[in-house]
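Engineer: Offset between the sequence shown (1-based) and our numbering: plus 2.
Note that CB positions come from ideal geometry on N, CA and C, so glycine has one too.
Computed from a predicted model, the values in this text were never measured in an experiment.
Dropping the structure in here first, questions after.
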Amino acid sequence: MKGLAQIQAWDQRWATALQAPVYRSRFWRGVAHALAHSGDSPVVFGLLALLGWMGPEATRGLAWRALAAAFGLAVFVTGVKYILRRERPHSPWGGVYRKTDPHAFPSGHAARAALLATLAWLWLSPALALGVTVWALGVSWARVALGLHYPTDVFAGWVVGVLAALLVAQGPAWSDLIPMG
Numbered sequence: 003m004k005g006l007a008q009i010q011a012w013d014q015r016w017a018t019a020l021q022a023p024v025y026r027s028r029f030w031r032g033v034a035h036a037l038a039h040s041g042d043s044p045v046v047f048g049l050l051a052l053l054g055w056m057g058p059e060a061t062r063g064l065a066w067r068a069l070a071a072a073f074g075l076a077v078f079v080t081g082v083k084y085i086l087r088r089e090r091p092h093s094p095w096g097g098v099y100r101k102t103d104p105h106a107f108p109s110g111h112a113a114r115a116a117l118l119a120t121l122a123w124l125w126l127s128p129a130l131a132l133g134v135t136v137w138a139l140g141v142s143w144a145r146v147a148l149g150l151h152y153p154t155d156v157f158a159g160w161v162v163g164v165l166a167a168l169l170v171a172q173g174p175a176w177s178d179l180i181p182m183g
């Protein structure tokens, strides 16, 4: 139990350090809110569906696979959260998240962002993958900076998201699953 107490103390110290700029600066608070919301399920699912429907022909199938993976990941993460039931840190922000998803571990936003960043490195150009990774790191920072997660919640989300992406990348394409007569 001593080790767990040390991890929790470390978590609290780092969470407090990452929250400080957001508490002091309206600018950083705005950046954090924008980044955090850019990783919300409706935003990510909507953008992936739009890319699957209207995106460049070469990436449509990838967008649908990423959407299916993100949805499956959301179901998995929600299940883990309701089993472990770790409370979110105390913070004046994130009321909507606290009502609809009161548990913190693992971070669903970080898992979703890590899934997409990893898939981008596996499927897209390095320049696009770098951009998605910078966004994913920003979403993850914002979740801690706004007091919605502890750093270990985000770390666990990244582990789950990367593993999910590696599983998806190894799986068959949707076109391989549909009999074509």
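Enumerate, from N- to C-terminal direction, the unbroken alpha helix (DSSP H) stretches of 4 or more residues contained entirely within the region 78-152.
Structural biologist: The region 78-152 contains these whole alpha helix (DSSP H) runs: 97-102, 110-125 and 128-147.
Engineer: Give the single residue among Trp125, Leu20, Ala70 and Arg87 whose Cα lies nearest to the Cα of Val60.
Structural biologist: First, the amino acid is wrong: residue 60 is Ala here, not Val. Checking every option, the nearest Cα to that of Ala60 belongs to Trp125.
Engineer: Taking all protein chains shown into account, decide if Arg114 is buried (16 or more other Cβ within 10 angstroms of its Cβ) or exposed.
Structural biologist: So Arg114 counts as buried.
Engineer: According to the Cβ coordinates, are Ala138 and Ala116 closer than 8 Å?
Structural biologist: Yes, the pair counts as a contact, with Cβ atoms nearer than the cut-off.
Engineer: Taking just the CA atoms, how far does Arg28 sit from Ser177?
Structural biologist: Per-residue confidence for Ser177 stands at a pLDDT of 46, beneath the threshold of 50, marking its modelled position as unreliable; the derived number appears in the next sentence. Ser177 and Arg28: Cα-Cα distance of roughly 48 Å.
Engineer: From Ala17 to Gly110, what distance separates their C-alpha atoms?
Structural biologist: So the alpha carbons of these two residues sit roughly 17 Å apart.
Engineer: On a Cα-Cα basis, can you pick out the residue from Tyr84, Leu121 and Ala122 that is closest to His105?
Structural biologist: Of the candidates Tyr84, Leu121 and Ala122, the one whose C-alpha sits nearest the C-alpha of His105 is Tyr84.
Engineer: Measuring only between beta-carbons, confirm whether Phe73 sits less than 8 Å from chain D.
Structural biologist: Within the model displayed, chain D is absent; a lone protein chain is all it includes.
Engineer: Considering only C-alpha positions, which residue in the set Trp66, Ala72, Ser142 and Pro108 is nearest to Gln21?
Structural biologist: Checked all of Trp66, Ala72, Ser142 and Pro108; the closest Cα to Gln21 is Ser142.
Engineer: Hey, Pro108 and Val82 are a contact pair by Cβ (cut 8 Å); roughly how many whole angstroms apart?
Structural biologist: About 6 Å separates the two Cβ atoms, so the contact holds.
Engineer: Use the C-beta contact count for Ala11: other C-beta atoms within 10 angstroms, 16 or more gives buried, fewer gives exposed.
Structural biologist: With fewer than 16 other Cβ atoms within 10 Å, it is exposed.
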